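Reading through the structure tokens given below for one structure.
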Amino acid sequence: MIQLIRGFKDILPGEVERWQQIEKIAASRFEDFGFKEIRIPMMERTELFARSIGEDTDIVEKEMYTFPDRKGDLITLRPEATASVVRSYVQHKMFAKDPVQKFYTIGPMFRRERPQKGRYRQFYQINVEVFGVASPLIDVQLIFMLVTLFTRLAVADLKAHINSLGCPACRPNYRAALSKFLAAISNKLCSDCRRRRRRNPLRVLDCKVPSCREVLAEAPSIIDYLCDYCQEDFAKVQEFLKKLQIPFLVDKRLVRGLDYYTRTTFEIQTGSLGAQSAVAGGGRYDGLVKMLGGPDLPATGFAIGLDRLAEVAEIRHSEFIRMPDLFVAALGEQSQDKAFEWICQFGRQGLVAEMDFEDRSLKSQMKRADKIGATHVLIVGDQELQEGAVILRNMLTKEQTLIPIKEVVDRVKTYIKREAQ
RNA sequence: GUGGGUGUAGCUCAGGUGGUAGAGCACCGGGUUGUGGCCCCGGUUGUCGUGGGUUCAAGUCCCAUCACUCACCCCA
């Protein structure tokens, strides 16, 4: 038996309806806020990700599915979507028509990590990106949109964590201060952190080793090093989150693993996901558009982990699983031929109709109708063909009515539709 | 990449100290010569994850390997 690739998964009927609901509700919510859908490819040239995400990040260093195509160019299955959206914005010079653009996109991402709860090698994200707006108010709006969406989807135990990473003007100062601090205590850090200290000191803050946490409690905080502009920016984010009554937590250790983030970053966490607590995360990435060859325009956005969201969203989805409206139980070859024509016509009319293609007893056909949840059964046999009328049985009330064969499809359709009201 | 747990029928799981497999559910048929759910009767289903080793004999012991799973790491 050929099995699916490790860390990949099938989403089967019964579960897929939940995903459809979530995607539908999310998309319409984003459209309510003026976002347009954009569809981008699943593969890009490797250098797009290497440059935007950062050469020193785990994603680029060891998690990407990268391989040469037949011509020898290095291509990569996207590990995230933002880089592609930015690439598209720049490539099509969308900023020329209007620098302000708001997009959302849904699709699979690929990272070769060790799978665990809430973490797959092919996973799905809903991404939202805004270009050309520098105001922190737009960050607030993104967080507001996320939290209200999650509330609508009945996600329990929600918390918004926010932080500011500063900008090119102030981050170097902080980085220097942090480096100095880390150098002084480096003998108390875990081996990972000692290695990270030089290449990417900010990420030491994210370490979960208890001994590191302990020494890091004394570490300088980015908040104290923000320049006036960033400080004001971050204060405004908090002010408006309060105004919109979004509960949040300033989390100094929220560093995030992608290099392109600046200023406000945020994560929506939930307690019900095991170790992978983030259902959504994002932040501002003001330098990325320019870095990828566009004008110096600000941008911000977030990504929702759809797999994780599907696990914690407690919306009822069973009602969206469509049951057959009708099962045609046919006895004998002649009746079966008729039944087949009818179910095709019913399908065309928007009624889900099933039949049994083996020539089974009426009893076993009734059993099957019951099993698949058909609300009605149409019974047809030699007797009915002769008399020119078939029997329509309501499986719930057990009521049976005669329907003239001449116009079965229309009559049954109106009968069932009327009953449904 | 590292560590723990698990792998027996389609599903959930039994199978002390080695003697070549079982239950419930599901599925199919019958009890009603053409009427479902409940009940009763009967029936089908397994390379015991895979490969090797020990043994007269391995689902059971040993080794390896793969997969699933949880956690570390990292992130959505």
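Each residue of the first sequence is one higher than the one before, counting from 2 in the working numbering.
Backbone N, C-alpha and C fix where the C-beta goes; we use that ideal spot for every residue, glycine too.
It should be emphasised that the depicted structure is a prediction, and the values quoted were computed from it without experimental measurement.
Item to check | Other residues of its chain near Gly306: CB distance less than 6 Å, five sequence neighbours each side excluded | outcome: Val280
Item to check | Other residues of its chain near Leu403: CB distance less than 6 Å, five sequence neighbours each side excluded | outcome: Excluding positions up to five away in sequence, the list reads Ala390.
Checklist entry - So, Tyr105 versus Gly8, is the Cβ gap smaller than 9 Å? => result No, the Cβ-Cβ distance between Tyr105 and Gly8 is not below 9 Å.
Item to check | Bounding residues of the alpha helix (DSSP H) (the contiguous stretch that carries Arg436) | outcome: For the chain, the structure presents residues 2 to 422; residue 436 sits outside this window and is missing.
Checklist entry - Among Phe111, Arg46, Phe235 and Ser273, which residue has its Cα nearest to the Cα of Ile76? => result The closest CA to that of Ile76, considering only Phe111, Arg46, Phe235 and Ser273, is found on Arg46.
Checklist entry - With DSSP run on the structure shown, which of helix, strand or coil describes Ala340? => result Residue state, collapsed to three classes: helix.
Item to check | Pair within 9 Å by beta-carbon distance, Met43 and Leu5 | outcome: Judged by their CB atoms, Met43 and Leu5 are not nearer to each other than the 9 Å cut-off.
Checklist entry - Near Gln401, which residues of its chain fall below 6 Å by C-beta distance, leaving aside the five closest residues on each side in sequence? => result Excluding positions up to five away in sequence, the list reads Ile392 and Arg394.
Checklist entry - Considering only residues of the same chain and omitting the five flanking positions on each side of Arg71, which have a CB-CB separation below 8 Å? => result none
Item to check | Nonlocal neighbours in the same chain, by C-beta distance under 6 Å from Gln350, ignoring five residues either side | outcome: Lys414
Checklist entry - Do you know how far the Cα of Gln384 is from the Cα of Lys118? => result 58 Å
Checklist entry - Nearest to Lys37 by CA position, among Glu81, Leu242 and Lys103, is which residue? => result Lys103
Checklist entry - Is it true that the CB of His162 sits closer than 9 Å to the CB of Gln277? => result no
Item to check | Spatial distance of Glu312 from Ala155 (CA atoms) | outcome: 11 Å
Next on the checklist: From the DSSP secondary-structure annotation, give me the bridge partner or partners of Lys160.
Outcome noted: Gln270
Next on the checklist: So the candidates are Pro405, Pro137, Ser187 and Leu310; which of them puts its Cα closest to the Cα of Thr301?
Outcome noted: Pro137
Checklist entry - Any idea if Gln142 is buried or exposed, counting beta-carbon neighbours within 10 angstroms, 16 or more meaning buried? => result Under this definition Gln142 is a buried residue.
Checklist entry - Excluding sequence positions up to five away, which residues of its chain have a Cβ less than 7 Å from the Cβ of Ile26? => result Excluding residues within five positions, the ones whose Cβ falls inside 7 Å are Arg153 and Leu154.
Next on the checklist: Applying the 10 Å Cβ sphere with the 16-neighbour rule, what's the burial state of Ile3?
Outcome noted: exposed
Item to check | Phe145 versus Pro325, Lys244 and Ala220, residue with shortest Cα-Cα distance | outcome: Lys244
Checklist entry - Quick one, which of Tyr226, Pro221, Arg112 and Glu130 has its alpha-carbon nearest Gly167's? => result Tyr226
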